[in-house]
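S.K.: Protein chains in written order, with my numbering: chain L, 1 to 125; chain W, 1001 to 1683. Ideal Cβ positions, reconstructed from N, Cα and C, are used throughout, including at glycine. No experiment lies behind these values; they were computed from the predicted model shown. This is the structure I have questions about; it appears just below.
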Amino acid sequence: MPEVLVVDDSKVMRDMVVACLRPYPGLTFTHASSGLEAIERLSLQPYDLLVLDLNMPDIGGIEVVEFVRSQDRLRNLPIIIVTTRGDEASRARALAVGANRFMTKPFTPDAILAEARALLEEKRG
Amino acid sequence: MTGSVDLADFLPAYLAEAEELLGAAQRHLLAVEASVRRGLAHPRAVRELFRALHTIKGLSAMVDVESIVSIAHWMETSLRHSDRAGGRLPESSVEPLMEGLREIEQRVRQLAAGKPVTPVPAGLLERLEALEAAALGTDPAKPAPVALELDATVSARLSAAEREQLTVGAAGKRAVRLDFIPGAERASSGITINSVRERVAKLAEAVKVLPLSGPAAGGGSLTFVLLLLTDATDDALLEAAGGPPASVRALTAAPAVPAAPIVTTEPELEAVVARVEEEPEEQRRGGGTLRVEVSRLDEALERLAALVVNRSRLTRAVAALTAAGAPTRELTAILQENGRQLRDMRAAIIRLRMVKVADVLERLPLLVRGLRRSTGKAVRLELEVGDAELDKAVADRLLPALVHLVRNAVDHALELPEERRAAGKPEEGLVRLACHGGASGLLELSVTDDGRGVDAEAVARRAGVPVPATSDGLLDVLCRPGFSTRDAATSTSGRGMGMDIVRRITVDQLGGELRLETRPGQGTTFRLRVPLTITLLDALIFECAGLRYAVAVGSVEELIDVDAARLTRPAGASGVVLVERRGSAVPLLSLERLLERGSPDGQRGGTGAKALIVRQRGEPVAFAVDRLLGQQEIVLRPLEDPLVRVPGVAGATDLGDGQPTLVLDLAALGAARSGNGRRERAT
């Protein structure tokens, strides 16, 4: 059962992401409402996919990605960034620190589902 | 599987969250403005405001509300520059940002009302865009030369603004580093970074929180480093982080300036007000809370009401068994227990509807700010509401009354600054809203001003009545409908318009009390006492023998027309009238006679033009009424006086005309009467 960690300080946004990914069979979802909580959860338990907002209190998505990639254990964890900050610089920065996909809000349910499917299947090998 | 998700389904949740975010944004902008006026930066509020707008923008993009996305975007852009300038914002930026928030709010309301969203008003985006340049021109910060004792890994990850905050802030507050090491065991006992962060927020301002990986105390591999500005002791902070292996250490050497409160230049009260303005969000946000639509709670209450009805059927059935000699002692005991449980359950559900008074009043600072600008008066608003809570249904009704009182206080009671100076008062007027839970389910609120007081003679003159001898009498005059509309110059009376609405809400709708205390030249206090909870129900309003009554919609099975030609009066059953309903005969009771309102000759009426069908012990009974007036939601006020408690009368309500209207419980009314009928039959 692939475990997805959905990180966003907006509950509505987390619910939307979960609803979008729901059609993929067998996924289970964990919510984190802050970047700090995401890092805490990632340090305690393995996940198969991380869906991450950029703009959050205390520490943002970029710092979460940097943390994830600094950990041996998490080096291969697929990360989808979901953000309103659609500018090229943000995209380049997120991909440079190690995010796998970068999605700008608004996105369609199908678009994020397709990205998640590709990453999960790639990971399964 | 494509198209199975429609993001439009998230609109209600979007609206709720957008409202919450707007509330937070307004609070932060007010806090920023308060700082700007004192010439200070407020980096945290700027950042929080930025974040709220950013989230609004993202959510609005997902549900496709382009105009909100644009407004939020340009507000956000101007704030990003302010953030880079260490949280400084030119005073001229505040108004366009306020305007932006108002415009977003207006569009959220339009969406909520199902109306089309209006496009962005002309010039707004340009005004917001112009702020960007203005913000760029502001003076950069001059960090105070205080050395921070930080290791290189942490130090390297601080921005200039954060460093400045820690060093400058260190003059008044201590800068400390709190290390928290998360763990599975700690998480299982509820000590997580979120809970620690929330507890710490009450003790300190977090300038930066960083994750550090690597061996940590207590065998962990991850440390969260919280860099804080605080007045709290190390022990208190350590406890907030769940005790060791967490640790606390100071970031600066013992401050050169003795930590005397002389450093704060602003007067104490102002600091208190600033705190009121800045405080709420960390306490409100955060885990452990759940947002639920009120209609769902009401549904739970309705389900519970069905259970209660069922229980009384059960009670009757058991009573019948007992009467027949069956061994029912245990059953009776269980029933009693069950009754207690149902009452507890009802209380628990009602508690779910309680909201914090502080949350209800969160828009008041914004209102007062607007009044400050429109009247040119200097006003300070103090809210002393503590942790008091109130049923949401009461709060929703009460808020307009409180808004009215606060508005009147600023508009009419407070004098202009020069007038106040001449009277030997401080130029800044005070409006204070305080509340505390009183005895027996009542909440007491007061709205006090230190203005000119109500001039009873002027009020009497205007109303064309003798000067009232008591403050209650004065209040009566003030609360006459349309009192102040006679004269635009209400400011001479000290109190203005719409007091009738305040009284209507407080007394007639909520069944509370409204009192007035006023002293010429010193100020006025309005005291309100309202019930903590009320019962709402959907009611049918009808007329019978010239009076209006209400009855719960849920209790009425059907409404029928009564055709006088098709009534039957069976022989031998004195006074019984039957009405035909879908082929079967239903007893028709005269509501007029049941309520003992029959005309003296006793002959008139009785059959009415319409009838309400109600089930009573499973059998339909028709109640004749004269005319149906409509359906509306009413506030049910129980009749508390035991002398007027009558079977068949559930309580009273105000339909908006200021007159009490009885709310009938037809099933009970019929039962009381047919109880008599049965006795007759038995003899």
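For Gly1214 (chain W) and Leu1178 (chain W), what's the separation of their Cα atoms in angstroms?
M.R.: Distance between the alpha carbons of Gly1214 (chain W) and Leu1178 (chain W): 17 Å.
S.K.: Decide yes or no for the touch test of the segment 73 to 84 of chain L against the segment 95 to 113 of chain L: beta carbon pairs closer than 8 Å, at least 3 of them.
M.R.: Result yes; three or more Cβ-Cβ pairs closer than 8 Å.
S.K.: If you drop the 5 nearest sequence neighbours on each side, which residues of the same chain put their C-beta closer than 7 Å to that of Leu1414 (chain W)?
M.R.: Only Lys1377, Val1379, Gly1429, Asp1449 and Gly1451 meet the Cβ criterion.
S.K.: Answer with yes or no whether the minimum CB distance from Met1062 (chain W) to chain L is below 8 Å.
M.R.: For Met1062 (chain W), the answer is yes, since a Cβ of chain L falls inside 8 Å of its Cβ.
S.K.: Does the contact criterion of 3 or more C-beta pairs under 8 Å hold for the segment 1651 to 1670 of chain W versus the segment 1541 to 1555 of chain W?
M.R.: The segment 1651 to 1670 of chain W is in contact with the segment 1541 to 1555 of chain W.
S.K.: In whole angstroms, give me the CA-to-CA distance for Val1465 (chain W) and Gly1512 (chain W).
M.R.: Straight-line Cα distance between these residues: approximately 26 Å.
S.K.: Excluding sequence positions up to five away, which residues of its chain have a Cβ less than 7 Å from the Cβ of Met1354 (chain W)?
M.R.: Answer for Met1354 (chain W): Glu1389, Leu1390 and Asp1391, listed in chain order.
S.K.: Kindly indicate the opening and closing residues of the beta strand (DSSP E) around Phe29 (chain L).
M.R.: That run of the beta strand (DSSP E) goes Thr28 to Ala32.
S.K.: Could you compute how far the alpha carbon of Ala1034 (chain W) sits from the alpha carbon of Glu1020 (chain W)?
M.R.: The alpha-carbon atoms of Ala1034 (chain W) and Glu1020 (chain W) are separated by roughly 21 Å.
S.K.: Compute the distance between the beta-carbons of Arg14 (chain L) and Val6 (chain L), then report whether it is under 8 Å.
M.R.: Yes, Cβ-Cβ distance for Arg14 (chain L) and Val6 (chain L) is below 8 Å.
S.K.: Under 8 Å by Cβ, that's how I've got Thr1535 (chain W) and Leu1398 (chain W) pegged, so tell me the actual separation to the nearest angstrom.
M.R.: Contact doesn't hold; Cβ gap of about 16 Å is too wide.
S.K.: Indicate the three-state DSSP secondary structure (helix, strand or coil) for Gly1429 (chain W) in the structure shown.
M.R.: If DSSP states are grouped into helix, strand and coil, Gly1429 (chain W) belongs with the strands.
S.K.: If contact means a Cβ-Cβ distance below 7 Å, which residues of the segment 1044 to 1069 of chain W contact chain L?
M.R.: For the segment 1044 to 1069 of chain W, which is checked against every Cβ of chain L, the residues closer than 7 Å are Arg1051, His1054, Thr1055, Lys1057, Gly1058, Leu1059, Ala1061, Met1062 and Asp1064.
S.K.: So what does DSSP say about Gln45 (chain L), is it helix, strand or coil?
M.R.: Correct three-state label for Gln45 (chain L): coil.
S.K.: Rounded to the nearest angstrom, what separates Asn1338 (chain W) and Val1196 (chain W) at their Cα positions?
M.R.: Between Asn1338 (chain W) and Val1196 (chain W), the C-alpha separation is close to 41 Å.
S.K.: Leu1516 (chain W) and Leu1475 (chain W) look like a contact to me (Cβ under 8 Å); what is the Cβ gap, rounded to whole Å?
M.R.: The Cβ separation is near 4 Å, so the contact holds.
S.K.: Please look up how many angstroms separate the CB atoms of Ala1358 (chain W) and Val1394 (chain W), rounded, as I've assumed it's under 8 Å.
M.R.: About 15 Å separates the two Cβ atoms, so there is no contact after all.
S.K.: Quick check on DSSP: helix, strand or coil for Phe1010 (chain W)?
M.R.: Here Phe1010 (chain W) sits in helix by DSSP.
S.K.: Please determine if the segment 1649 to 1663 of chain W and the segment 1498 to 1508 of chain W are in contact, where contact requires at least 3 C-beta pairs separated by less than 8 Å.
M.R.: Yes: at least three Cβ pairs fall under 8 Å.
S.K.: When you compare the CB positions of Asp48 (chain L) and Val1209 (chain W), do they come within less than 8 Å of one another, or not?
M.R.: No.
S.K.: What residues of chain L sit near Ala1013 (chain W), judged by a beta carbon separation below 9 Å?
M.R.: Those within 9 Å of Ala1013 (chain W) in chain L are Lys11, Val12, Asp15 and Met16.
S.K.: Could you pull the DSSP bridge partners for Asp1561 (chain W) from this structure?
M.R.: DSSP output for Asp1561 (chain W) lists W:Lys1610 as bridge partner(s).
S.K.: Tell me which residues share the same chain as Tyr1549 (chain W) and place their Cβ nearer than 7 Å to its Cβ, disregarding the 5 neighbours each side in the sequence.
M.R.: The answer, listed in chain order, is Phe1542, Thr1661, Leu1662 and Leu1664.
S.K.: In terms of alpha-carbon separation, which member of W:Leu1030, W:Ala1469, W:Val1117 and W:Val1309 lies closest to Ser1070 (chain W)?
M.R.: Selected option, being the one with the closest Cα: W:Val1117.
S.K.: Return the Cβ separation of Arg1249 (chain W) and Val1176 (chain W) in integer angstroms, given the expectation that the two are a contact with Cβ distance under 8 Å.
M.R.: That belief holds up - the Cβ atoms of Arg1249 (chain W) and Val1176 (chain W) are roughly 7 Å apart, short of 8 Å.
S.K.: Please state if the CB of Asn1194 (chain W) and the CB of Ser10 (chain L) are separated by a distance shorter than 8 Å.
M.R.: Cβ atoms of Ser10 (chain L) and Asn1194 (chain W): not closer than 8 Å.
S.K.: Compile a chain-ordered list of the residues in the segment 1184 to 1196 of chain W whose CB is closer than 8 Å to at least one CB of chain L.
M.R.: From the segment 1184 to 1196 of chain W, only Ala1184, Ala1187, Thr1192, Ile1193 and Asn1194 have a Cβ closer than 8 Å to chain L.
S.K.: Only counting the same chain, and skipping five residues up and downstream in sequence, which positions put a Cβ closer than 7 Å to that of Ala1463 (chain W)?
M.R.: Correct list, in chain order: Val1477, Arg1480 and Phe1483.
S.K.: What do you get for Leu1097 (chain W), buried or exposed, if any count of 16 or more other CB atoms within 10 angstroms of its CB means buried?
M.R.: Classification of Leu1097 (chain W): buried, given that the 10 Å Cβ count is 16 or more.
S.K.: Distance check for Asp8 (chain L) and Val64 (chain L), CA to CA, integer angstroms please.
M.R.: Answer to the nearest angstrom: the Cα atoms are 12 Å apart.
S.K.: With contact counted as at least three CB pairs below 8 Å, one residue from each stretch, are the segment 89 to 99 of chain L and the segment 109 to 123 of chain L in contact?
M.R.: Short answer: they don't touch.
S.K.: What is the residue span of the beta strand (DSSP E) that Gly1100 (chain W) lies within?
M.R.: Not the beta strand (DSSP E): Gly1100 (chain W) falls in the alpha helix (DSSP H), residues Glu1091 to Ala1112.
S.K.: What's the C-alpha gap between Val1696 (chain W) and Glu1091 (chain W)?
M.R.: This structure leaves residue 1696 (chain W) out entirely; chain W is present only between 1001 and 1683.
S.K.: Using DSSP with H/G/I as helix, E/B as strand and the rest coil, what is Met1345 (chain W)?
M.R.: Helix.
S.K.: Is there a C-beta anywhere in chain L that falls below 8 Å from the one on Phe1623 (chain W)?
M.R.: Judged by the 8 Å Cβ criterion, Phe1623 (chain W) is not in contact with chain L.
S.K.: Given this structure, state the Cα-to-Cα distance separating Ala1008 (chain W) from Met1062 (chain W), to the nearest angstrom.
M.R.: The straight-line gap from Cα to Cα measures roughly 9 Å.
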